[in-house]
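Numbering (the UniProt record's numbering), first residue to last: 1 to 318.
Don't be surprised by glycine CBs; every beta carbon is placed ideally from N, CA and C.
Read through the structure below, which is laid out as structure tokens, and then see the notes.
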């Protein structure tokens, strides 16, 4: 089968197009004939071995696919790796049947990025009606869905950050009340100004570095920052517990695989609600570009440049 393989860690240049034997499903696994594979920022970390879970060589990147099982069922699935290929094996527990009316782009947008946005707002931030929500990287895969979910769930004000006029315009189109430049020198002052001079209740952050530091400083008492990535590849300053106490601040992290360990099938509930909202016209996936499998390197280059918007997908047939 055609696949993309990494045999040495590094940037986009280490992604190579190869022919590999079909994967063989083990106990509890299912073989999926891949129609499209999703591209996530985590894949770039996986390729350079800077992800939360260590990578092992040789590696076929990719954590999500949509396709059909041998029985013909159309499913979207999480895979530990192996998504950038014509066929992939998935744990049966992560298979989600895709309803009629939900296209490949939407299903792939929801299984990692949409469920991440759902979990950040529901489990980490515990959004309450009327609260202000800051969504950093609001034109990206997670951010574009988080903006829509926050509005659908009654946020009082959604403040989007993005690096270009085009991205900020998209965030406003998706429902953000205010969109500000993510490159602002003083993010604390920028966020407070965008919120009518008041501190903000919730920040969803995948940037790291000074943006995280200044976002924490913008939080109101009992404000919550949910941290789910570090696109800048820069560590924030260490958090001082005394400062957390004196400002009644909550700082939490979220890594999607942990959602699969929660009782009550929380992941399945998230996907069911995302599908329902999509079919009802309340949220939509934003296309970020479709690449052939042979163009995986270009997809990673585009993602790492932070010039993309929405969801990037790969077509294994080309």
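Inter-residue Cα distance where the pair is residue i and residue j
i           : j           : result
residue 74  : residue 210 : 43 Å
residue 143 : residue 101 : 23 Å
residue 212 : residue 191 : 12 Å
residue 302 : residue 279 : 30 Å
residue 289 : residue 64  : 16 Å
residue 118 : residue 253 : 14 Å
residue 383 : residue 304 : For the chain, the structure presents residues 1 to 318; residue 383 sits outside this window and is missing.
residue 85  : residue 150 : 34 Å
residue 282 : residue 152 : 7 Å
residue 235 : residue 257 : 22 Å
residue 162 : residue 178 : 11 Å
residue 309 : residue 231 : 14 Å
Segment limits, alpha helix (DSSP H) that includes residue i
i           : result
residue 150 : 141-152
residue 188 : 187-194
residue 211 : 209-217
residue 165 : 165-173
Start and end residues, beta strand (DSSP E) containing residue i
i           : result
residue 335 : One cannot answer for residue 335 here, as it falls past the ends of the chain, which runs 1 to 318.
residue 291 : 287-292
residue 36  : 29-39
residue 246 : Looking at the DSSP string, residue 246 is not in any beta strand (DSSP E); the run it does join, the alpha helix (DSSP H), is 241-246.
residue 19  : 16-19
Reduced DSSP category for residue i - H, G, I as helix; E, B as strand; rest coil
i           : result
residue 258 : helix
residue 265 : coil
residue 2   : strand
residue 96  : strand
residue 103 : coil
Given residue i as reference, the closest of the options once Cα atoms are compared
i           : options               : result
residue 29  : 79, 120 and 155       : 79
residue 91  : 194, 106, 252 and 23  : 23
residue 285 : 121, 224, 148 and 34  : 148
residue 170 : 135, 194, 220 and 251 : 135
residue 18  : 290, 60 and 51        : 60
residue 116 : 57, 317 and 268       : 268
residue 67  : 7, 304 and 35         : 35
residue 56  : 97, 216, 8 and 179    : 8
residue 260 : 43, 15, 13 and 77     : 77
residue 291 : 317, 263 and 47       : 317
CB-CB length for residue i against residue j, believed under 8 Å
i           : j           : result
residue 38  : residue 108 : 4 Å
residue 141 : residue 311 : 5 Å
residue 227 : residue 251 : 7 Å
residue 88  : residue 4   : Contact doesn't hold; Cβ gap of about 12 Å is too wide.
residue 52  : residue 255 : 6 Å
residue 160 : residue 176 : 4 Å
residue 180 : residue 158 : Contact flag wrong, Cβ pair sits at about 12 Å.
Contact with chain D by residue i, beta-carbon distance below 7 Å
i          : result
residue 16 : Absent from the structure is chain D; it holds one protein chain and no more.
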